[in-house]
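Participant: In this note's numbering, the protein residues as written are 275 to 546.
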Ligand code: L34
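1. Where residue 386 and residue 351 are concerned, what is the direct C-alpha to C-alpha distance, given to the nearest angstrom?
2. Taking 7 Å as the cut-off, does the CB of residue 526 come closer than this to any heavy atom belonging to ligand 1?
3. Beta-carbon separation of residue 469 and residue 496 under 8 Å?
4. Whole alpha helix (DSSP H) runs in the segment 397-446 with 4 or more residues, listed along the chain?
5. With H, G and I counted as helix, E and B as strand and the rest as coil, what does DSSP make of residue 546?
6. May I have a chain-ordered list of the beta strand (DSSP E) segments no shorter than 3 residues that lie completely inside the segment 469-508?
7. Just list the beta strand (DSSP E) runs in the segment 282-367, keeping only unbroken ones of 3 residues or longer that don't cross its boundaries, in chain order.
8. Could you check if residue 307 belongs to the surroundings of ligand 1, using beta carbon to heavy atom distance under 7 Å?
9. Which residues mark the beginning and the end of the beta strand (DSSP E) in which residue 463 is found?
10. Which partner residues of residue 514 appear in the DSSP bridge assignment?
11. For residue 510, collect the residues of the same chain with a Cβ closer than 6 Å to its Cβ; drop the 5 residues on either side in sequence, then sort them by chain order.
12. Going along the chain, which residues of its own chain have a beta-carbon closer than 8 Å to the beta-carbon of residue 300, five neighbours each way excluded?
13. Excluding the 5 residues preceding and the 5 following residue 289 in the sequence, name in chain order all residues of the same chain whose CB lies nearer than 6 Å to its CB.
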């Protein structure tokens, strides 16, 4: 679908969507994710511009680069891969990105837009991908009990808001929640984004539940696993997402979708 939209946009307006990707430092997981994003851009015809920066770059230098990208008409999306090194002022970096190019949805404007349901704001890619998966499987969330495990700014909090906007009854659990199982057992839809391997085992899951595993953990033996015991829980769930091959690729896909949407808006404004 993204490729079709890109082709149409190029044909009708001559605009090629552009995504600037900023990767600071040598985090191996981030390098893999960024590589996957760049490949996905290539596959649909989005032009990507990668900026690989030294770990000890200063906040100020990042800010200067982002200002340049904000002013670049060929760039419709700007992505700063997280986590950033500790010495960098992440908030300042994220607030420097122009909200119209903030295809990650991390700028305050887009975060606020999520609360108010503003149509022109970009939803963050990971929870947006979860919503798309539910939609494409025709899983209606209205009136359903949704339990989100994990309250991060990137996943848990926006996930809860998006499903609330679709009239689900949402509970958010987190690391300080007492007796997690008493919440998870009530979930018709269980979204797990805690970053703890095997946190969710079969007795904690209601029969027939939809289980979305956002976790991505690398075990000492090199295996990649989610937060859910897939083997056990898959026997009880009506739907379950695998790791790898589930939420991760959807995150990448929604980045493409946001970038294409941004380019379409720019073209419509005639400022591309
Ligand atoms: N700024 N930082 C920013 N935006 C984001 O949307 C992210 N996220 C999270 C981390 N930091 C970010 C990602 O890109 C997580 N994430 C992400 C992206 C891609 C994949 C996983 C997480 C992915 O491609 N996962 C593959 C396996 C990758 C592997 O082999 O390690 C999968 O099949 O799950």
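Virtual Cβ for every residue (Gly too), placed ideally from N, Cα, C.
Facilitator: In short:
1. Numbered from 1 along the chain shown, position 112 holds the residue referred to as residue 386. Numbered from 1 along the chain shown, position 77 holds the residue referred to as residue 351. Their Cα atoms are separated by approximately 19 Å.
2. By one-based count along the chain shown, residue 526 stands at place 252. Indeed, a heavy atom of ligand 1 lies less than 7 Å from the Cβ.
3. By one-based count along the chain shown, residue 469 stands at place 195. By one-based count along the chain shown, residue 496 stands at place 222. For residue 469 and residue 496, no; Cβs fall outside 8 Å.
4. 399-410 and 430-439
5. As a working note, residue 546 is residue 272 in the chain shown. Residue confidence for residue 546 is low, a pLDDT of 46 falling below 50, so the modelled location carries little weight; the figure read from the coordinates is stated next. Note: residue 546 maps to coil in three-state DSSP.
6. 484-487
7. 292-298, 321-327 and 351-354
8. Position 33 of the chain shown, counting from 1, holds the residue named residue 307. True, at least one ligand heavy atom lies under 7 Å from that Cβ.
9. Translated into positions along the chain shown, residue 463 becomes position 189. Taken as a continuous stretch (DSSP letters only), the beta strand (DSSP E) holding residue 463 covers 463-466.
10. Stepping through the chain shown from its first residue, residue 514 is reached at position 240. In the DSSP output, where bridge partners are listed per residue, residue 514 has 485.
11. Residue 510 sits at position 236 when you count from the first residue of the chain shown. Excluding sequence neighbours, residue 510 sits near 476, 479 and 481.
12. On the chain shown, residue 300 is found 26 positions in, with the first residue counted as 1. Closer than 8 Å at Cβ, skipping near neighbours: 329.
13. Locating residue 289 in the chain shown gives position 15, counting from the first residue. Taken in chain order, the residues that qualify are 283, 537, 541 and 546.
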